[in-house]
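Here the structure comes first, spelled out in structure tokens, and everything after it is commentary.
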Amino acid sequence: MRGISNGVGPAIWPTSYGPAERDEAYKSFSLSGWAGRSGHDAPMIALDALLGAGSNWEELMSRAGFHGGDSDSTAVIACCCWGLLYGTQGVPEGNYSNLEYRDRLERSAEQLYALSH
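Per the working numbering, the very first residue in the sequence shown carries number 74; after that it's consecutive.
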């Protein structure tokens with residue numbers, strides 16, 4: 074749908090792709106009409122949201138976190154991918170400043186990064 078299956082962009086977007094159109098698109102590739110409920114469509118919605126949002130956190134939340142399906146699942150996947158791409162850039166500090174086990178999470182992230190290089 075986005076014209077990126079060959080690994081080359083830019084992504085192709087419908088002329089009108091607001092919340093109602095996104096809900097219809099998300100439902101179209103869901104298993105039972107509940108978008109984001111399954112292991113195959115939740116990552117597709119998260120990717121669609123990431124592609125559409127660019128580096129705009131609020132737009133990511135609008136696309137991945139506010140739709141008529143299982144939006145908590147799609148949002149968490151999109152947010153994890155956002156963190157890989159942008160870290161906490163653009164994310165309101167209240168969303169991460171008081172994380173439980175923050176030190177452990179940051180230490181694990183640093184160790185994973187070190188292993189990857």
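Glycine included, every Cβ here is placed at the ideal spot set by N, Cα and C.
Bear in mind that the values here come from a model prediction, so they are computed numbers and not experimental data.
Alpha helix (DSSP H) segment containing residue i, residue limits
i, result
"S89", "Segment: none, S89 is in no alpha helix (DSSP H) and carries neither H nor E."
"I118", "114-126"
"W130", "130-133"
Nearest-angstrom Cβ-Cβ length linking residue i and residue j, presumed shorter than 8 Å
i, j, result
"A122", "R136", "4 Å"
Cβ neighbour criterion (16 or more within 10 Å) applied to residue i
i, result
"R95", "buried"
"L158", "exposed"
"A148", "buried"
"G76", "exposed"
"I85", "exposed"
"G109", "buried"
Along the chain, which unbroken stretches of the beta strand (DSSP E) at least 3 residues long are found entirely within the region 145-187?
none
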